[in-house]
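K.L.:
Have a look at the structure that comes next, please.
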Amino acid sequence: MTYMHIGKDFTPPDVEGKVTGAARYAEDFKKDGMVFARLLGSPIPAGRVVNIDASAALAIPGVLGIFTADDLPPAPPPANPALAKEWVTYIGQPILAVAAESDALAEEALSKIVVEYQRRPFVVDPLDTLTEGGPDPYPSGNTLIRNAGEAAAGTTASGTDVGRIKWSIDQVAAFRAGREPVDAQFGDEWSYGDVAARFAECSTIIEEPFVTIGQPHHSLESRTGMAYWENGKCYFHGSLQSHTVGHDALSAMLEIDPANLVFINENTGGGFGSKIFPYPMMAVTGKFARKLNRPVQLRITRAEEFYIGSARSGMQGWIKIGLKDDGRVGAVDVAIVNDAGSGGGGSASSSAEHISIMFQPEAMRFRGLAMYTNTTPRGAQRGPGQNEMAAVLAPMIDKAANLAGVDRVAMRRLNAPRMDGKIGGRQGGISSSYMPEAIDKAAQMFNWDQKKALPRQISATKVRGIGVGQGFHTAGANGYDGLIRIASDGTIYLHTGVGNLGTYSYAGVLRAAAETLQCSWDNCVVVHGHGDLNLPHSTYQGGSNTMFTETRSSHVAALDVIQKLKEIAASEFGGSADDYSIGGERVFLTSNESKGMSYGEAAQKAIEMGGKYSGMEYPDDIHRTTVRSVQAMQGTGLIGVAKDTLPRSGAVPGMAIAFVEIELDKETGKFDIVDYTAVAECGTVVHPKGLRQAMNGGGIWGFGMAAYERHVYDPQNGLPANVGLYQSKPPTYLDVPVQMNVAGNDMPDPQSPVGARGIGEARSGLCSCCTDECDCRCA
Amino acid sequence: MNPKLTRRRFIKGVIASGAAAASSTLWYSASGADRPAGAVERLLSLNVNGQVRRVDVAPQETLAHTLRYKLGLTGTKLGCNRGECGACTVLADDVNIYACSTLTHEVKDRAVVTVEGLRAADGTLHPVQAAFIEELSPACGFCTAGQVMSAVALLKANPKPTREEARQAMSGNVCRCGAYDHYLNGVMRASGQLS
Amino acid sequence: MDIIRYRHNVWGEEVIQGVSWDLLWVVAVTAFLLLAAHAIFMAALAKKKARPSSEGKRVNRHDAIDRAFHWIMAGSVLILIFTGISPIVGIRISWLNIHWIAGLTLTFVVIFHTIRALFWQDFKAMLLGPNDFKEPFDENIKPGKYSFEQKGMHWAMTVLVIAVIATGVTLFTHIDSPWWERPSVENEGTLGIFFLLHGTATLALIAFTAIHIYFALRPEKRFYTRSMVSGWISESEMKENHDPSKWKAE
Amino acid sequence: MSSHDNMPEMSLYQPVRVEDAIGIASQFAERGWLVGGGQDTYGWLKDRAKTADALIDLKGIESMRGIKETADGIEIGALVTLTEITRNALIKERYSLLAQAAGRVASPQIRNVGTLAGNVSQDVRCWYYRRGLNCYRAGGNLCYADTPEGMNREHAIFNASRCVAVTPSDTGPALVALEAQMVIQNASGQRVVPAEEFFVGPNVDIRHTTVLRPGDILTAVRIPAKWANAQFYFEKVADRNVWDFALVSISAAMRVNNGVIEDSRIMVGAVQATPRRLTSVEQAIRGKPRNESTANGLGNLASSDANPLNYNHFKMPLMDNLVKRAVRGQA
């Protein structure tokens with residue numbers, strides 16, 4: 001299909017500001033009378049706050065006040081409280097905030113505050129708390145239990161509780177040693193098919209233990225925020241991946257009517273899953289500002305970003321994979337214990353889903369446990385669950401394929417999901433998959449067959465490793481709103497409530513609206529990033545969700561515009577709307593192109609006609625955020641607004657395949673990645689450079705996960721070893737390939753109007769595909 | 001931006017920090033009677049982006065602090081404040097340095113250039129900036145100012161670097177989004193080696 | 001000036017770290033002043049007595065093995081003090097190994113000495129009885145083998161040496177040695193208390209060692225020092241200072 | 001526990017003569033902090049893990065700059081930056097070992113301001129110590145790293161004495177290999193200390209890594225002609241290729257005549273608190289050809305008396321392998 005905009009590069013409106021320094025992030029905003037707030041973190045890994053004595057701090061001139069857990073609604077475990085009191089569960093956990101006229105003064109005040117703690121036993125290894133008699137990270141237990149409960153006020157976690165699960169010493173020992181823990185209790189299970197029977201049919205069976213590590217997100221922009229109150233409204237400069245989808249949640253955290261919140265967030269310095277929804281600390285920023293009646297900038301340091309900025313959940317597990325004679329995966333049995341940190345969820349089920357979709361086993365059983373530990377809170381991070389499983393699986397699948405005597409790539413292709421692919425315990429369908437074709441394309445780009453034949457030994461000390469890995473993440477939803485306004489001068493304002501994470505998808509998805517409207521991109525203005533700019537209710541920007549979901553809502557809003565254009569034209573020139581067409585930013589009678597009007601003229605007409613045309617009336621199924629925005633624009637142009645009710649079924653898989661060639665120095669364990677070739681199977685490519693960004697970035701996160709980054713906790717005292725950025729070791733220029741080679745499979749997804757799915761997540765963990773090749777110590 | 005506004009804001013800043021200076025001088029005279037003479041003066045004439053600006057600078061103040069909070073040049077970002085990420089990279093006499101790990105007093109005799117000072121007099125973007133836009137180099141953009149400054153320093157010293165040389169020269173700038181390939185493409189384009 | 005040093009433990013709680021080494025100077029100055037005062041007093045005011053002759057018949061006071069024990073103990077204590085305070089006063093030597101080796105030597109010799117004293121020597125000769133306390137105040141009372149001052153010094157040194165040994169051995173178990181690896185420290189406060197006791201005992205030991213050395217060098221007591229070297233004192237020295245009825249010398 | 005981010009209030013001196021700097025440094029004694037490039041200064045102060053009353057910025061002292069040829073080799077001013085060292089023609093030609101080592105320090109921006117004196121005087125990177133805990137090195141009673149469960153992957157495998165931190169310097173071992181002389185000035189005059197004696201281990205001084213004392217200023221480093229144009233080998237193995245400190249580094253200088261090693265200096269970094277000289281290896285290779293078989297003949301001689309901790313056994317084979325590479329002359 002030939003598109004005007006889809007599949008073509010464009011310059012997103014925010015790029016220039018980024019290269020000139022004009023782009024502003026939350027910390028760059030100042031407000032008259034603004035004061036600075038800083039956090040005091042817990043020095044103990046577990047316990048409770050007995051007493052806070054801030055008198056000496058408050059006596060310092062210029063110190064304005066403190067803010068503690070008592071100023072917030074209680075958030076009992078496993079909710080992750082903004083400020084802890086009864087349940088201190090990790091070192092660095094914020095206990096209170098103090099505000100002062102200057103940042104330095106706030107720091108000085110912190111050192112004068114005396115907090116008395118009562119310590120409790122703590123634990124940093126999930127298997128230690130799982131062992132009978134082992135310490136529990138919370139007084140009430142050690143594991144996540146899902147129930148139907150409501151979220152505690154001011155928090156976003158819902159339906160969870162803390163329970164207690166213990167294994168016998170023998171069961172834990174068996175698990176540690178890489179064997180199945182017989183009769184052990186799990187918290188989450190699913191299965192399909194007759195697992196035992198399918199294993200019986202398998203000729204190659206491997207059984208392996210695995211461990212992956214937690215790693216902090218360390219978004220380069222820490223979650224500093226600034227809030228102030230004016231005329232009963234809260235203006236909040238924050239750093240979130242999403243924009244309007246978090247509006248109601250943030251209003252609830254601030255305990256105000258959503259209409260009284262103006263959230264401003266034009267740019268976000270990275271989130272990687274840690275800023276999808278409003279995080280607890282935002283309540284402190286907003287409420288402290290109200291308490292002091294001053295604008296408050298709550299500054300988060302790099303170290304604090306480590307503590308409260310979320311991290312990937314590590315896992316320890318056991319897996320058994322059976323291959324049939326023909327190389328098909330007959331059965332898989334997997335057991336995973338997640339390190340859920342403080343109040344995290346664990347992502348074991350997602351890990352298992354990764355296996356189920358990438359290899360389509362005939363039967364499969366998953367059992368999982370999310371164990372809390374006295375470490376930092378865990379949350380979603382680039383392909384949570386799936387990517388660490390991709391890293392784990394790559395060498396195991398290789399081993400199985402080699403044992404079965406099948407080519408590693410051929411084996412993956414054989415088992416790859418096709419259009420009828422199934423996923424997870426319920427074996428639901430997927431929107432589409434051209435994964436075998438993607439594998440072929442990537443193998444060809446990488447020259448797999450040729451590289452396979454290359455000698456392993458490069459020199460006396462260097463060996464070559466080639467590997468392949470696959471990534472997956474569900475990447476799409478529906479039900480969000482699109483909003484477009486055409487002004488009487490013909491300018492087309494494309495409103496989006498998608499956040500600006502740096503993927504440029506906030507603008508990319510609007511290209512679908514421009515495409516549908518058949519208008520020039522130059523006449524379009526992207527409206528985003530500021531709560532006062534009348535934004536629609538858009539999807540959360542996370543989980544690669546945006547592309548699929550928001551091209552749909554852009555499209556339905558554009559369809560609404562077109563329908564209204566035609567109706568306006570029909571009212572002017574007669575006939576019915578169906579008699580009209582659009583083109584060249586005009587609406588005209590299909591049979592007589594001269595009978596028509598420009599978009600601008602139609603907009604002027606819409607203002608005159610009122611009603612639904614100028615937003616005086618609007619559909620009753622749109623979200624209240626969108627309603628407010630439409631109301632604010634009433635009578636200012638032609639308003640197109642609609643909720644995405646297009647049909648959708650099955651999971652929306654964002655998938656990728658990547659090949660990596662490394663040169664490993666066997667004397668030092670160091671390796672160079674000399675080739676990285678990846679193909680995304682994510683439907684139609686909307687924005688080629690954006691796709692490359694997403695694919696390359698994900699690849700580099702994968703290198704980091706496989707080779708450099710990891711949480712390190714000292715079990716003796718619960719101290720984290722790698723708080724700072726240099727200790728956390730995000731990959732640098734010199735740790736990644738000089739050049740990266742990526743492409744999209746570009747096969748349209750039938751459930752997206754432009755055929756697009758997201759790909760921000762899937763394809764990390766690919767470096768790990770080289771582990772079995774060369775016995776390198778990079779895991 | 002309205003230049004008058006900027007100046008007024010600047011003057012306000014000077015007055016505010018002057019007050020802070022007065023109070024800290026008091027503290028020093030009370031506690032440091034036996035200190036050697038010759039400690040630095042607080043009022044500096046800083047050459048930033050080609051303009052000499054008078055600014056009151058505490059002795060221990062970092063350049064990043066002065067730029068961001070006294071001169072309002074917020075294009076220079078603080079990612080870690082510890083010299084571990086490169087987001088605060090600026091030029092001092094054409095050499096790229098971490099502004100978070102430099103005292104402002106250390107550069108009092110040097111020409112400081114930040115990302116805001118790269119445009120030509122007629123407003124044209126610096127070739128590095130233009131190339132970074134063309135290559136869609138930034139992702140989230142938080143490290144971008146630093147990446148731009150390292151690229152500018154590189155091209156001043158080496159107008160036609162190889163990709164490997166560029167990679168080495170840029171290596172003190174972390175990009176958490178992993179846009180390294182795109183920045184390198186930008187450097188190669190800015191040096192006229194990619195079209 | 002502090003008496004005790006406090007520090008924050010790994011969780012920010014205030015715990016005892018040890019004795020304040022400011023006290024080292026206090027001890028040094030105090031000991032010096034006291035001894036100087038004594039020296040001046042003795043030189044100026046104390047009545048001069050003719051010193052008994054060292055000629056004539058010799059009486060055995062210390063067996064060779066006991067003399068060896070004494071000097072080994074003396075040597076190790078001096079080494080321990082020197083190596084222990086070197087890093088505190090800023091003398092840069094590789095002190096730790098010497099310190100614990102000397103400490104172990106001292107420990108073993110003290111154990112041997114204790115066993116020997118209990119079973120092979122006249123243990124009672126060292127016991128302090130009520131009568132001993134009259135001795136300093138009555139010129140007519142002469143001691144048996146050991147004078148009141150000698151017994152006092154011995155028991156003071158005994159208590160202090162046992163204290164430094166007990167605390168020192170505990171601390172020794174907290175560092176790497178050829179026989180074990182450093183353990184984890186469960187409670188920094190407890191460790192600090194051991195350091196406090198070790199340091200306090202050391203300070204007292206330094207004071208008593210200084211006093212001991214001072215008296216060993218005083219002219220009127222020097223024959224005792226000679227006896228610790230060669231084993232004997234003269235009969236006239238014995239008669240002048242001891243009551244032969246209480247000390248049945250061989 | 002508060003996470004600090006601001007520089008603490010302190011005074012700043014910017015002397016332009018060494019004598020003035022010494023005067024100020026002597027007056028402040030322990031409460032003064034010398035600043036060259038400052039790259040191992042501001043973090044300590046911002047974190048409040050160490051404090052001082054005054055910063056003494058030495059960069060204005062012209063006499064401590066520049067690289068000059070002397071009768072016996074070269075003299076490098078203490079303030080010469082690592083970037084200048086990597087680019088200096090004289091050093092690249094005669095002492096490429098040092099240029100290579102300097103070129104692997106941290107990141108380009110840090111090398112642009114970081115000085116040679118700062119690189120050899122920097123403090124250890126043990127994470128417990130840097131966190132501001134009261135360990136031995138900070139004047140406390142214990143080591144958190146050297147315990148059965150301590151996280152000690154980066155720590156020492158040799159010559160630990162209570163503290164198990166390692167020397168983080170890349171140029172330090174290179175300077176010892178080149179038999180450099182450290183020129184130190186203080187109020188009582190100048191003294192010249194061999195690089196080998198410049199670094200001190202925790203057995204001798206657990207609080208400091210060098211012989212420098214308050215009031216001392218390292219003003220220059222002299223490199224004698226002895227090892228000029230010798231055969232060199234430098235390699236640093238670190239996790240990431242930027243920023244990270246060495247897990248093990250090797251700096252070797254060899255005099256080779258007709259393929260036979262006449263004399264050598266083999267130094268290893270990051271295995272103990274000071275650069276480690278491998279005299280046993282130097283002796284073993286003396287008189288032998290510089291080739292693969294001599295290298296392989298060494299076996300695990302270099303690491304044979306190592307005393308690894310729980311998580312750093314890998315440093316032993318890594319060190320042995322680097323020694324082999326140095327001896328055979330190629331990676």
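Chains as they are written, first to last, in this note's numbering: chain A, 1 to 779; chain B, 1 to 195; chain C, 1 to 250; chain D, 1 to 331.
Think of the CB as a built atom: it goes at the ideal place given N, C-alpha and C, for glycine as much as any other residue.
#1: Anything in chain B within Cβ reach of Tyr25 of chain A, meaning under 7 Å, just list it in chain order.
#2: For the segment 99–112 of chain D and the segment 84–103 of chain B, state whether three or more C-beta atom pairs, one from each stretch, are separated by less than 8 Å.
#3: How far does the alpha helix (DSSP H) with Ile24 of chain D in it reach, from first residue to last?
#4: To be precise: take each residue of the segment 83–103 of chain D, compare its Cβ to all Cβ atoms of chain C, and keep it if any distance is under 9 Å. Which residues remain?
#5: I'd like the span of the beta strand (DSSP E) that includes His8 of chain C, first residue to last.
#6: What does a CB cutoff of less than 6 Å around Gly65 of chain A pick up in its chain, not counting 5 residues either side in sequence?
#7: Between the segment 38–55 of chain A and the segment 100–116 of chain A, are three or more C-beta pairs nearer than 8 Å?
#8: Name the chain A residues that come within less than 9 Å of Ile225 of chain B, Cβ to Cβ?
#9: Over the uninterrupted alpha helix (DSSP H) stretch that includes Asn338 of chain A, give me the two end residues.
#10: For Met396 of chain A, which residues of its own chain have a beta-carbon under 6 Å away from its beta-carbon, when the five flanking residues on both sides are left out?
#11: Express the C-alpha separation of Leu116 of chain D and Leu82 of chain D in angstroms, rounding to a whole number.
#12: What three-state label does DSSP hand Arg119 of chain A in the structure shown?
#13: Between the beta-carbon of Met226 of chain A and the beta-carbon of His237 of chain A, is there less than 8 Å?
#14: Does Met151 of chain D come out as helix, strand or coil in the three-state DSSP assignment?
#15: Could you tell me the distance, in whole angstroms, from the CA atom of Arg48 of chain D to the CA atom of Leu298 of chain A?
#16: Measure how close the beta-carbons of Cys566 of chain A and Ala606 of chain A come, nearest whole angstrom, since I'm counting them as under 8 Å.
#17: Assuming Asn291 of chain D is part of the alpha helix (DSSP H), what are its boundary residues?
#18: Starting from Pro87 of chain C, trace the alpha helix (DSSP H) both ways and give me its first and last residue.
#19: What is the rounded straight-line gap between the Cα of Leu664 of chain A and the Cα of Lys670 of chain A?
#20: Buried or exposed, going by whether 16 or more other CB atoms sit within 10 Å of the CB of Trp25 of chain C?
#21: Just the C-alpha distance for Ile16 of chain C and Ser184 of chain C, rounded to the nearest angstrom, thanks.
#22: Let me see if you follow: with CB-CB separation under 8 Å, is Gly192 of chain C close to chain A or not?
#23: Give the secondary structure of Trp33 of chain D by DSSP, where H, G and I count as helix, E and B as strand, and everything else as coil.
#24: Kindly indicate which residue of D:Thr279, D:Ala29, D:Phe245, D:Glu235 has the alpha-carbon position closest to the one of Gln122 of chain D.
#25: Given that a residue counts as buried once 16 or more other Cβ atoms are within 10 Å of its Cβ, and exposed if not, what is Tyr293 of chain C?
#26: Taking the beta strand (DSSP E) that His530 of chain A belongs to, which residues open and close that run?
#27: Is Val52 of chain B buried or exposed, if buried means 16 or more other CB atoms sit within 10 Å of its CB?
#28: For the segment 243–314 of chain D, list the alpha helix (DSSP H) runs that are entirely contained and at least 4 residues long, ordered along the chain.
#29: Would you say Glu181 of chain C lies against chain D (beta-carbon separation less than 8 Å)?
#30: Mapping DSSP to helix, strand and coil, what is Ser20 of chain C?
#31: For the beta strand (DSSP E) that contains Gly47 of chain A, what are its first and last residues?
#32: In angstroms, rounded to a whole number, what distance separates the CA positions of Pro741 of chain A and Arg276 of chain D?
#33: Quick one: does the C-beta of Thr124 of chain B sit closer than 7 Å to a heavy atom of the ligand SAH?
P.N.:
Let's see:
#1: Within the first sequence, the letter at position 25 stands for residue 25 of chain A. Near Tyr25 of chain A (Cβ distances below 7 Å), the residues of chain B are Phe142.
#2: yes
#3: As a working mapping, residue 24 of chain D is identified with position 24 in the fourth sequence. Its alpha helix (DSSP H) spans residues 18–28.
#4: none
#5: For the purposes of this step, residue 8 of chain C is taken as residue 8 along the third sequence, with counting starting at 1. His8 of chain C -> beta strand (DSSP E) spans 4–8.
#6: The sequence position of residue 65 of chain A within the first sequence is 65, counting from 1. The answer, listed in chain order, is Ala99, Leu292.
#7: yes
#8: Beyond the ends of chain B as shown, which are 1 and 195, falls residue 225 of chain B; an answer cannot be given.
#9: Within the first sequence, residue 338 of chain A is the residue found at index 338, counting from 1. No alpha helix (DSSP H) holds Asn338 of chain A; the beta strand (DSSP E) holding it covers 329–341.
#10: As a first step, residue 396 of chain A must be located in the first sequence, where it is residue number 396. The residues are Glu208.
#11: Within the fourth sequence, the letter at position 82 stands for residue 82 of chain D. Within the fourth sequence, the letter at position 116 stands for residue 116 of chain D. Going by the C-alpha atoms only, they are around 6 Å apart.
#12: Numbered from 1 along the first sequence, position 119 holds the residue referred to as residue 119 of chain A. Strand, per DSSP.
#13: Taking the first sequence and counting its residues from 1, one reaches residue 226 of chain A at position 226. Taking the first sequence and counting its residues from 1, one reaches residue 237 of chain A at position 237. Yes. Within cutoff.
#14: Counting from 1 along the fourth sequence, the entry for residue 151 of chain D is found at position 151. Reduced to three states, the DSSP call for Met151 of chain D is coil.
#15: Taking the fourth sequence and counting its residues from 1, the one referred to as residue 48 of chain D is at position 48. Taking the first sequence and counting its residues from 1, the one referred to as residue 298 of chain A is at position 298. C-alpha separation (whole angstroms): 21 Å.
#16: The residue you call residue 566 of chain A lines up with position 566 of the first sequence. The residue you call residue 606 of chain A lines up with position 606 of the first sequence. One detail in the question is off: residue 566 of chain A reads as Lys in this sequence, not Cys. Actually they are not in contact, since the Cβ atoms of Lys566 of chain A and Ala606 of chain A sit about 12 Å apart, beyond 8 Å.
#17: Counting from 1 along the fourth sequence, the entry for residue 291 of chain D is found at position 291. Looking at the DSSP string, Asn291 of chain D is not in any alpha helix (DSSP H), and its letter there is neither H nor E.
#18: The residue given as residue 87 of chain C occupies position 87 in the third sequence. Element bounds for Pro87 of chain C: 64–89.
#19: As a working mapping, residue 664 of chain A is identified with position 664 in the first sequence. As a working mapping, residue 670 of chain A is identified with position 670 in the first sequence. Straight-line Cα distance between these residues: approximately 6 Å.
#20: On the third sequence, residue 25 of chain C is found 25 positions in, with the first residue counted as 1. The residue is exposed, with fewer than 16 neighbouring Cβ atoms inside 10 Å.
#21: Along the third sequence, one-based indexing puts residue 16 of chain C at 16. Along the third sequence, one-based indexing puts residue 184 of chain C at 184. Their Cα atoms are separated by approximately 18 Å.
#22: Taking the third sequence and counting its residues from 1, the one referred to as residue 192 of chain C is at position 192. Judged by the 8 Å Cβ criterion, Gly192 of chain C is not in contact with chain A.
#23: By one-based count along the fourth sequence, residue 33 of chain D stands at place 33. Three-state result, Trp33 of chain D: strand.
#24: Your numbering for residue 122 of chain D matches position 122 in the fourth sequence. Closest option to Gln122 of chain D, Cα to Cα, is D:Phe245.
#25: Absent from the structure is residue 293 of chain C, since the part of chain C shown begins at 1 and ends at 250.
#26: Here the question's residue 530 of chain A lines up with position 530 in the first sequence. Premise fails: His530 of chain A is in no beta strand (DSSP E) and is neither H nor E.
#27: To locate residue 52 of chain B, count along the second sequence from 1; it is residue 52. So Val52 of chain B counts as exposed.
#28: 279–285, 292–297
#29: For the purposes of this step, residue 181 of chain C is taken as residue 181 along the third sequence, with counting starting at 1. Judged by the 8 Å Cβ criterion, Glu181 of chain C is in contact with chain D.
#30: Start at 1 with the first residue of the third sequence, and residue 20 of chain C comes out as number 20. Ser20 of chain C: coil per DSSP, three-state reduction.
#31: Start at 1 with the first residue of the first sequence, and residue 47 of chain A comes out as number 47. Its beta strand (DSSP E) spans residues 47–53.
#32: As a first step, residue 741 of chain A must be located in the first sequence, where it is residue number 741. As a first step, residue 276 of chain D must be located in the fourth sequence, where it is residue number 276. Looking at the sequence provided, one finds Asn at residue 741 of chain A rather than Pro. In a straight line, the C-alpha of Asn741 of chain A is about 43 Å away from that of Arg276 of chain D.
#33: Annotation note on the ligand SAH: not contained in the displayed structure, which lists no ligands.
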